[in-house]
Amino acid sequence: MKKSIVSVLVCLLAAAMLLVTTACDEEEKPAVSPTDTAKAAIADIVGQWNEVAIYPRVLTVKEDGSFTLADLMGDTETTGKVKLEQEEHPDGSTSDWYNFYDAEGAFWAGFARSDEAGAQNDLYSGQDGAMHFMRDGIDEHITADSYLHVWDSERVSIVIEKEKKGYLVTVTGANSASESTCWTYHCTFDEKSTQLVCKGGATRVDIKITKGGKEKTKTVYKDGSGSFAIQSGTLRWIDEKENNGSERYFVVAD
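According to this note's numbering, the sequence shown is numbered sequentially starting from 2.
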């Protein structure tokens, strides 16, 4: 009889110890809260971002979720906070968005969160990707073919195409409805700098349409030089003759 009582007591003690151990295990492994998930997600976009636009802005996201949007001159346009928020679709699925709210709490823009794990390198706003920011310092693999587009910056366009011994770059700017200027560069691709380079022989021709509809041209020079560089999705025109295009950022138009 005593042995039976002892056995029962031992079993009860073991069960009690098992419950305590289980409870401890549960305390040591808490579930990840939505706040922790948001912090981890925002960490994926911390850093500086350059806008792919004719007049690009700089977006800076800090570890605490605060952000600053500044223009090319460094003047602040907007500050605020980033929130990770979910959008539910009619089929029941969801998608994550980085929603940016200004200091007053007003919505500024939303950027889709990438499905791929880890830090992302592109931010596209809304459903149409109207705004595009690229992470600063990303080493893109630029090739000569990366330049083969029509590039635009308001009233100035750049057409880059292949020719027999390199690449033909034609820059056209409209001064008015009847006056325009055309620059022509014969370039080669520099593998080290990943730029299109013209070491000489570039021309500038001014074009004027008379009242009678006739075209008059004037060659301003034939000894120009310069280069073209893709930076964060935009094209820069470095004119070594007259320093044209120094403040312009060209984006793909075709």
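Glycine residues also receive a C-beta, built at the ideal position from the N, C-alpha and C atoms.
- For Gly66, the closest C-alpha among the options Gly81, Gly75, Val157 is that of Gly81.
- With contacts defined as CB atoms closer than 8 Å, Phe112 and Val170 fail to qualify as a contacting pair.
- Put simply, the stretch 141 to 156 touches the stretch 188 to 200. At least three CB pairs are less than 8 Å apart.
- Restricting attention to Val47, Asp255, Asp224, Ala120, the CA atom closest to the CA of Lys63 is found in Val47.
- Secondary structure at Ala71: strand, using DSSP grouped into helix, strand and coil.
- A distance of 8 Å or more separates the beta carbons of Leu124 and Phe108.
- Counting the other CB atoms within 10 Å of its CB gives Ser94 a total below 16, which places it among the exposed residues.
- Arg114 is classed as buried because its beta carbon has at least 16 other beta carbons within 10 Å across all chains shown.
- In the structure shown, Ser179 falls within a coil segment according to DSSP collapsed to helix, strand and coil.
- Listed in chain order, the beta strand (DSSP E) runs fully inside the stretch 89 to 118 are 95 to 103, 108 to 113, counting runs of at least 3 residues.
- In the structure shown, the three-state DSSP call for Ile46 is coil.
- Out of Asn176, Lys84, Gln196, Val53, the CA that lies nearest to the CA of Gly167 is found in Gln196.
- Note on geometry: alpha-carbon atoms of Leu149 and Ile161 lie some 5 Å from one another.
- A contact between stretches requires three or more CB pairs, one per stretch, nearer than 8 Å, and the stretch 169 to 184 meets this requirement with the stretch 197 to 214.
- Trp184 places its beta carbon 8 Å or farther from that of Val198.
- Assigned with DSSP and collapsed to three states, Lys219 falls in strand.
- In this chain, Thr211 is not harboured by any beta strand (DSSP E), its DSSP state being neither H nor E.
- Within the same chain, Met132, His133, Thr235, Tyr250, Val252 come within 8 Å of Ala54 by CB-CB distance, once the 5 residues on both sides are set aside.
- For Met135, the enclosing beta strand (DSSP E) starts and ends at 133 to 136.
- The shortest C-alpha to C-alpha distance from Lys200 to any of Asp97, Gly227, Lys215 is the one to Gly227.
- Going by DSSP, Tyr125 is part of the beta strand (DSSP E) stretching over 123 to 125.
- Pro91 is classed as exposed because its beta carbon has fewer than 16 other beta carbons within 10 Å across all chains shown.
- Here Tyr186 carries a strand assignment [DSSP, helix/strand/coil].
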